[in-house]
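A quick write-up on the structure given underneath.
Protein chains: 2
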Amino acid sequence: MTKPLRIALAGLGTVGGGVVKLLDTNAALIERRAGRSIEIVAISARDRTRDRGVDLSRYEWVDDATELSARDDIDAVVELIGGADGPALTLARTTLARGKAFVTANKAMVAHHGLELAAAAEQANTALKYEAAVAGGIPVIKGLREGAAANVIGHVYGILNGTCNYILTTMEKEGRDFAEVLGEAQALGYAEADPSFDIDGVDAAHKLSILSTLAFGTEIDFASVAITGIRHVIAADIAEAAAMGFRVRLVGFAEESRKGLFQRVHPCLVPLDHPLAHVSGSLNAVVAEGNFVGRLFFEGRGAGEGPTASAVVADLIDIARGEYGPAFAMPVTSLARPGAAAAGERRGRVYLRFTVADRPGVLAEITAAMRDAGVSIGSMIQRGAQGDGHVLLAFVTHVCPERAVGDALDRLEGSQSIVGKPMLMHILDV
Amino acid sequence: MTKPLRIALAGLGTVGGGVVKLLDTNAALIERRAGRSIEIVAISARDRTRDRGVDLSRYEWVDDATELSARDDIDAVVELIGGADGPALTLARTTLARGKAFVTANKAMVAHHGLELAAAAEQANTALKYEAAVAGGIPVIKGLREGAAANVIGHVYGILNGTCNYILTTMEKEGRDFAEVLGEAQALGYAEADPSFDIDGVDAAHKLSILSTLAFGTEIDFASVAITGIRHVIAADIAEAAAMGFRVRLVGFAEESRKGLFQRVHPCLVPLDHPLAHVSGSLNAVVAEGNFVGRLFFEGRGAGEGPTASAVVADLIDIARGEYGPAFAMPVTSLARPGAAAAGERRGRVYLRFTVADRPGVLAEITAAMRDAGVSIGSMIQRGAQGDGHVLLAFVTHVCPERAVGDALDRLEGSQSIVGKPMLMHILDV
């Protein structure tokens, strides 16, 4: 009989508890699939007394997670502590330095320190695995690293944050405004008490930077992701987008071309015939477009106890099987250094929404600015005076340089007719 | 520098040509990703003179494909000949017996001889890979074997035949009848001259039996797949289904429960809120439902030169990386022997369509038979006399045992009012 894979768990929040439950519930099947059993030897977390709904007394409790990496009776450490730095990073470094496999769900740490850790894993000839860090239970790391490996990938993009998608699709269904739906999502536990990592797009950007590396063979470049969150999307934007044949989604989008690597997280208008338009609630989805395979679309649950545990244990099964290799599909030294492409060079259609005073000449002022900047209008909706006496103007442009749209908005800066900041969203035309 | 992976290609049809093109076009990236180059050493096909649009003079031509397996300068053989038996099977056996890796896109051979071949690969400690055999470019073999490996899978199902999906969605869009759309698909090269493997569901059944094995850890059991094709779907079925909130898709569906393994390929009514309802044209899609991950949905191009080549080369990259293991996720001896579950035991909703003579009492006759069999009606549409003077009656039942529906149809056998065979389709309620 082959020896068990002996693991340690550091961090016993929702996901850690899920990993324990999964390894219990599916033990027999996992042993058949992995060719050996996966056994938890030791665990570590901040609070020993908290009830996690699973029997943890079977495992040795270790107060200092770092000790786990030093033990000879542990083959792999699973890090579910979180945070880009601090104890998680220390544990990753010490575990890999000791030549033990390391599995993590920590997108922030991988986005910030992934290259260093991958190099350490290569040096020690061990595994660094992070399927759970992107899109929860969807095997998209594997899908890019292996499934689409034969392809030059042109774009990779998707709905990478379930909290934002829940908020946007609830706003869409119920016609309600952002703040109200966010509050409700917090009450239901779908959004964090401090939701900024999610709703400001940082979490999606962490994930996008990881996907880019796998898709394009470039070094992780989180710093160059342009990030816009969903705070400024109003119910009317979603309604007008719908009237013009679109749905609003927070999309992380990355593209590599001769101009360099372009990465952006932003609320987008997605045409109804695009599969991302049909991703609703807290689901995640990722699209990769390869030069031979065409469009691949993956959808599933992007967070939560079960899906995340599923991804963590899939990584452990790969390790138990001995089926693993370089964390980012190729040795770190083979990754290219990306040059960041400027957004202004890009061309596309955009949605522009203005809230304006209800008086003569406003439409002329705005359309003149667009004309002078070289922005041509594809469709336009004007909604008469709202409750507050303001009028809403929504445009979808024809394809034009992004720079021209910026120019049009600059020309309108300081206009006496425009109330508040105009809303700009790009159209996902891929 | 690591040695190249030296391969031979047997069969140079559309997919074989695609593999050559892909390895040419993406050579540099593949070498970075695989850690070494993948080099074609020798090729074999029936017709040496045919122009395949790629330069084949660089490779050694071998007339008898079986010779490829004996050569010391070849590490892996790619079989693209096709056919469950014959030269493809001989090549598989001799290649694996020689301890060389074997990659195939041949679903018929894997469905019929997969266990024998997997056992041979295990014995020789080499790879048997077949990603291209199911759903073309979508990495669904990998998705089940590895990505969802931590889960007990309850169901696996999907749209596994692009030709049928093209025909059904074209009928849906254009309101045209089966024979007409099939003829056009043949003219366009989307359907074979002899389309029976596709439209009668055999191709989808081959693929389904392979997915079942990966999902449930049971031996391949192609023989017990119940198969109904799409020949008898008429435009009116698609229209009435749409009127009741469904789309018609050919679905391969497999489920494992205490009652055993249930596998069926059949045209289904898919509710509009199910992702399979939005899979159109020649796309393929697969859904797996795991006890921790929930629903995973994969969509992409299921056939054709580029997607199939993408899957073949992904397998080669796994081999070049040394990241492979048992073909069906576990050793063949660990697979359980499935007991086939009887359809009659199942419960579900069904769609029933009758073409009837336009005379009094017909509706009473049919509804009485349904009542007497214990089939309760959820919704019903009657369309007045068609051009041929017949009336169309379409029902969707409430949930009932499949046996009861069979009973109702038995009671109506020989009715003087019913014209032709009634149409029965199940509702995909998962």
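Residue numbers (our numbering), protein chains in the order written: chain A, 796 to 1225; chain B, 796 to 1225. Note that the Cβ used here is the ideal one computed from N, Cα and C, for glycine as well. Remember, it's a predicted structure, so these values are computed and weren't measured experimentally.
Buried or exposed for His1193/B, please, with buried defined as at least 16 other CB atoms from any protein chain shown within 10 angstroms of its CB. exposed
Measuring CB atoms only, is the stretch 911-921 of chain A touching the stretch 1214-1224 of chain A, in the sense that at least three cross pairs come out at less than 8 Å? No, they do not touch.
Over what stretch of residues does the beta strand (DSSP E) that includes Met1220/B continue unbroken? Ile1213 to Ile1222
Where Glu917/B meets chain A, residues with beta-carbon distance less than 9 Å: Within 9 Å Cβ-Cβ: nothing; Glu917/B doesn't reach chain A, min ~11 Å.
Below 8 Å on C-beta distance, what does Ile1112/B contact in chain A? Glu941, Ala944 and Ala945
Any beta carbon from chain A within less than 8 Å of Tyr961/B's own beta carbon? no
Please list, in chain order, the chain B residues whose beta carbon lies closer than 7 Å to that of Lys937/A. Lys937, Glu941 and Gly942
Classify Pro1155/B as buried or exposed, calling it buried when 16 or more other Cβ atoms lie within 10 Å of its own Cβ. exposed
Going by DSSP, name the residue or residues bridged to Ile954/B. Ala1080/B
Please report whether the beta-carbon of Ser1129/A lies at a distance below 8 Å from any beta-carbon of chain B. Under the 8 Å criterion on CB atoms, Ser1129/A is classed as interfacial with respect to chain B.
Give me, in chain order, the residues of the same chain whose beta-carbon lies closer than 7 Å to that of Ala906/A; leave out the 5 immediate sequence neighbours on both sides. Answer for Ala906/A: His1001, Ser1004, Ile1005, Ile1015 and Phe1017, listed in chain order.
Straight-line gap, Ile1176/A to Arg1144/A (C-alpha atoms, nearest Å): A straight line joining the alpha-carbon of Ile1176/A with that of Arg1144/A spans about 16 Å.
Comparing the CB of Arg827/B with every heavy atom of the ligand NAD, is any distance shorter than 7 Å? The model on display carries no ligand, and the ligand NAD is accordingly not part of it.
Cα-Cα separation between Leu1147/A and Val1081/A, rounded to whole angstroms: 26 Å
Compare the C-beta of Pro1070/B with all C-beta atoms of chain A and state if any pair is closer than 8 Å. yes
Partners in chain B for His1073/A, counting only beta-carbon separations shorter than 8 Å: Pro1070 and His1073
Looking only at DSSP bridge pairs, what is Cys1195/B linked to? Gly1143/B
Out of Glu1197/B, Ala1152/B and Ala1189/B, point me to the one whose CA is closest to Ala1168/B's CA. Glu1197/B
Burial state of Leu1067/B (16 or more Cβ within 10 Å): exposed
Considering just the uninterrupted stretch of the beta strand (DSSP E) at Val836/A, what are its terminal residues? Ile833 to Ser839
With three or more C-beta pairs closer than 8 Å as the rule, is the stretch 967-974 of chain B touching the stretch 1096-1105 of chain B? Here the stretch 1096-1105 of chain B does not lie against the stretch 967-974 of chain B, with fewer than 3 beta-carbon pairs under 8 Å apart.
Ala927/B versus Ile994/B, Ala1109/B and Glu969/B, residue with shortest Cα-Cα distance: Ala1109/B
Check whether Val1028/A and Val1043/A have beta carbons under 8 Å apart: Cβ distance < 8 Å, so Val1028/A and Val1043/A count as in contact.
Are any of the Cβ atoms in chain A nearer than 8 Å to that of Ile1005/B? no
Please confirm whether Ala1138/B and Arg940/B have their CB atoms less than 8 Å apart. no
Would you say Arg1026/A reaches chain B, if we count a Cβ-Cβ gap shorter than 8 Å as a contact? Interface criterion not met: the Cβ of Arg1026/A is under 8 Å from no Cβ in chain B.
Indicate whether at least one CB of chain A lies closer than 8 Å to the CB of Glu1094/B. yes
I'd like to know whether the C-beta atoms of Gly1101/A and Gly1184/B end up nearer to each other than 8 Å. no
Quick one: any contact between the stretch 1111-1120 of chain B and the stretch 812-831 of chain B, if contact means 3 or more CB pairs under 8 Å? A contact exists between the stretch 1111-1120 of chain B and the stretch 812-831 of chain B.
Can you name, in chain order, every residue of its own chain whose Cβ lies under 6 Å from the Cβ of Gly949/A, other than the five neighbours on each side? Glu1084
Could one say the Cβ of Phe1087/B lies closer than 8 Å to chain A's Cβ atoms, at least one of them? yes
Just the C-alpha distance for Glu917/A and Asn901/B, rounded to the nearest angstrom, thanks. Here the alpha carbons of Asn901/B and Glu917/A stand approximately 36 Å from one another.
From Glu1160/B to Ser1212/B, what distance separates their C-alpha atoms? 9 Å
Listing by chain order, which chain A residues have their CB less than 8 Å from the CB of Asn821/B? Ala945, Asn946, Val947, Asn1086 and Phe1087
Using the Cα positions of Ala1164/A and Val1191/A, report the straight-line distance between them to the nearest angstrom. 15 Å
How would you write the range of the alpha helix (DSSP H) that Leu824/B sits in, first residue to last? Ala822 to Ala829
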